[in-house]
Amino acid sequence: MPVADRVRHGGARAGDTAITTPTPDTARARALADELREVHRRLRAALDLALDADPDDLDADPARDPLLYCWGFCAALEGHHRSEDDRLFPLLLRAHPDLAPVVGQLRQDHRMIDHLLGSLREAIRSGADADERARHLEGVAAIMESHFRFEERRVLPLLDALDPGDVPEPHELYGPLA
């Protein structure tokens, strides 16, 4: 019977393992997976805003400008990937050297997404119409979603096991949206 059940039912027995409260460091390490999920959620929401922005509203309030949404989304996604490449992935590889093929695939995805974002930026600079901008955004969305799902499946379970003393601040691992 688990210790928690024995507490309710009359106390622990010799040899039982006590339930401990996580320290701030271990709680922080355990929160890493949740933080990455939240960054991915925010990037998905930013992409949705860019996709849903009214393409005919170019002269509207800047807070609703579809081009501003596109630029903001591009900057946020690039910052996220740069932080992962520079900080998160080396940290994971030190703890899990066998993860090298997975990290290699994730970095390859980052390069592909960077290329797609570059094409989107060029389309915006050259005055592409709303349909062309939407095609670029939809291409980014497809690769980004596949990448996020792969990353969440392969990396999230490992984040909570990282040594809390080695873990930098979330924005250093995940970029400006953390």
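Count the sequence shown with UniProt numbering and you get residues 1 to 178, in order.
Every residue, glycine too, gets a C-beta built ideally from N, C-alpha and C.
Of the listed residues the options, nearest to residue i (C-alpha basis)
| i | options | result |
| --- | --- | --- |
| E151 | L77, Q105, I113 | Q105 |
| I113 | A75, A128, L32, L158 | A75 |
| H81 | E169, R111, P66 | R111 |
| L68 | R121, A161, R87 | R121 |
| Q108 | L36, D85, V39 | D85 |
| L77 | S126, R44, R153 | R44 |
Proximal residues to residue i (C-beta, below 7 angstroms), its chain only, five neighbours per side dropped
| i | result |
| --- | --- |
| S119 | H136 |
| G79 | G175, P176 |
| R42 | L177 |
| V103 | F89, L92, L93 |
| D166 | L91 |
| E38 | none |
| S83 | E172, L173, Y174, G175 |
| R87 | P168, E172, L173 |
8 angstroms Cβ shell around residue i - same chain, five flanking residues per side excluded
| i | result |
| --- | --- |
| T21 | In this prediction, T21 scores a pLDDT of 47, lower than 50, which makes its location untrustworthy; the coordinate-derived value is nonetheless stated afterwards. Cβ within range, chain order: n/a, list empty. |
| A100 | L93 |
| A141 | L47, L51 |
| P32 | It is Leu, not Pro, that sits at residue 32 in the sequence shown. The residues are L159, D160, L162, V167, P170, L173. |
| I124 | L67, C70, W71, R133 |
| L116 | H136, G139, V140, I143 |
| A128 | H136 |
| P157 | A33 |
Own chain, CB closer than 6 angstroms to residue i, minus 5 neighbours either side, in chain order
| i | result |
| --- | --- |
| F73 | A46, L47, A50 |
| D34 | none |
| V155 | none |
| H40 | F148 |
Stretch pair the stretch 83–97 + the stretch 129–148: three plus CB contacts closer than 8 angstroms: Counting Cβ pairs under 8 angstroms, fewer than three are found: no touch.
Touch test, the stretch 40–52 against the stretch 134–143, Cβ-Cβ under 8 angstroms, three pairs minimum: Yes, the stretch 40–52 is in contact with the stretch 134–143.
Contiguous alpha helix (DSSP H) assignments of at least 4 residues, all confined to the stretch 61–120: Listed in chain order, the alpha helix (DSSP H) runs fully inside the stretch 61–120 are 66–83, 89–95, counting runs of at least 4 residues.
Sequence ranges, alpha helix (DSSP H) only - wholly within the stretch 136–169, length at least 4: Whole alpha helix (DSSP H) segments, 4+ residues: 156–159.
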